[in-house]
Structures are given as structure tokens and as C-alpha cells.
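The opening residue of the sequence shown carries number 16 in our numbering; numbering runs sequentially from there. Taking it in order: structure first as C-alpha cells, then the write-up.
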Amino acid sequence: MRKLSLLLGLFLLLGLSGCSSIPIGSIAPLMRLDLATTNVDALRVALQLPNGLRSRSGGVVMDIVLKVAGLPDQTDQFLLVETHGAAELADLSSMQREGFSLTAYELAATDALQFRAVQAELVDARSRGQQGSLGFGIAAREFCLTGPSAPQRLVASTYLKTVETQGWLTVTDQFDLGADKTIAAGLAHLGPC
Numbered sequence: 016m017r018k019l020s021l022l023l024g025l026f027l028l029l030g031l032s033g034c035s036s037i038p039i040g041s042i043a044p045l046m047r048l049d050l051a052t053t054n055v056d057a058l059r060v061a062l063q064l065p066n067g068l069r070s071r072s073g074g075v076v077m078d079i080v081l082k083v084a085g086l087p088d089q090t091d092q093f094l095l096v097e098t099h100g101a102a103e104l105a106d107l108s109s110m111q112r113e114g115f116s117l118t119a120y121e122l123a124a125t126d127a128l129q130f131r132a133v134q135a136e137l138v139d140a141r142s143r144g145q146q147g148s149l150g151f152g153i154a155a156r157e158f159c160l161t162g163p164s165a166p167q168r169l170v171a172s173t174y175l176k177t178v179e180t181q182g183w184l185t186v187t188d189q190f191d192l193g194a195d196k197t198i199a200a201g202l203a204h205l206g207p208c
């Protein structure tokens, strides 16, 4: 099975915040979000894909880059697992588009512990007077087909929910997976789920 690497998301504080698929109204709330202090237990991500396309189990991750002045960048990857919490799904209903599936994710339990350790590193660095930040990206890395062929409309959207956002915030809206020829070719050769 071919692995398909796609970056669906946002890298705040990494110089890539000019991505045109980020809604204007989401930029300011995302810039105010401080991952060093956010409640990891309340952090949720959602991925909207065209019907017929699904991310494989273990294929959705959150990439974090810890930047502390004077130190090399530290990159970590955290597994996002599907969640079926009634509150998450109810809140997501307003994001649902016809012809698309919408799946909510949370950090895997062991990865939530590791995420807290990264948060503690940044808080500690800041308490010593060092400037630092956490940048993040939401990535879906492996896909499969739930139908006989890939959907014709290859667009995806990602959403983020934290205590600070007070609900779901659109991170990327209608990201065109087919715009990149390599991604489109990979999607054309996917197998069944």
C-alpha cells in the first residue's frame, strides 16, 4: 500500500501562516492561541474529507515544533485518535457539508503525556527569560477508499477546538488535494479501507 503524505493544516509561528486556505476570520484567534498553556485534554481536531475517502487508523497526527531562543528547534509528532464524544460531534454538526464525512480526533493518551512534557519545557524556558513558541501542523498521512474509486472533488478542511477557541475554529477550508500533481496521482492509486 502506497503511503501518501499530505500536509493539511497550519504551521503557526513557522513562517507559513500566509496559506490562502486559512479563513481570514481564523487567523487572529489562531495567533492568540498559546499551545504552551492550552488544556491538552480539551484539544480536539476534526478532518473533513470527501465521501469515499478516509484517513487510515493512525494516519492523522499533530506535528509540534518547539522553538526556544538559542536552542535548536525540537520537533515532535503526536498521534491523533478518533473520538466519538457526543459534545464534539454535536458541536461539529454546523461544519458538516453535503458529500463530505467529518471525523473528530483527540490526542492519544500516551501522546497527551508527551505533549504536556513539551509544554512544560516551554514554560520552564520562558520562566528563565528565554523567548519561545510552539508551532503546530495537522497532518493526514495515510488514506484509503471507502467506495470503488477516489472522489472527483478532492478537497479537505481541518478544524481545531481548544478551551481558548470556545468552539470549533476552521484551520484550513477546502484545501485542494488535487492541486498538487503528486498528491493527485497518489490519491488515484489508493486501495480499499
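Where is the CB? At the ideal position from N, CA and C, for every residue including glycine.
First through last residue of the alpha helix (DSSP H) which encompasses residue i
| i | result |
| --- | --- |
| residue 103 | 101-107 |
Residue i, buried or exposed, once every other Cβ within 10 Å from all chains shown has been counted against 16
| i | result |
| --- | --- |
| residue 132 | exposed |
| residue 176 | buried |
| residue 83 | buried |
| residue 2 | In this structure the chain extends from 16 to 208, so residue 2 is not present and cannot be described. |
| residue 35 | Legend: pLDDT at residue 35 = 48, less than 50; position of this residue unreliable, no value from coordinates given. |
| residue 88 | exposed |
| residue 134 | buried |
| residue 8 | Limits of the chain in this structure are 16 at one end and 208 at the other, which puts residue 8 out of reach. |
| residue 69 | buried |
| residue 128 | exposed |
8 Å contact criterion, which residue i and residue j should meet: CB distance rounded
| i | j | result |
| --- | --- | --- |
| residue 41 | residue 186 | 7 Å |
| residue 153 | residue 173 | 5 Å |
Where the beta strand (DSSP E) containing residue i begins and where it ends
| i | result |
| --- | --- |
| residue 191 | 182-191 |
| residue 171 | 170-177 |
| residue 147 | 147-155 |
| residue 116 | 115-122 |
Reduced DSSP secondary structure (H/G/I, E/B, other) of residue i
| i | result |
| --- | --- |
| residue 59 | strand |
| residue 142 | helix |
| residue 92 | strand |
| residue 37 | coil |
| residue 69 | strand |
| residue 197 | helix |
| residue 97 | strand |
Cβ-Cβ distance between residue i and residue j below 9 Å
| i | j | result |
| --- | --- | --- |
| residue 130 | residue 93 | yes |
| residue 77 | residue 64 | no |
| residue 160 | residue 207 | yes |
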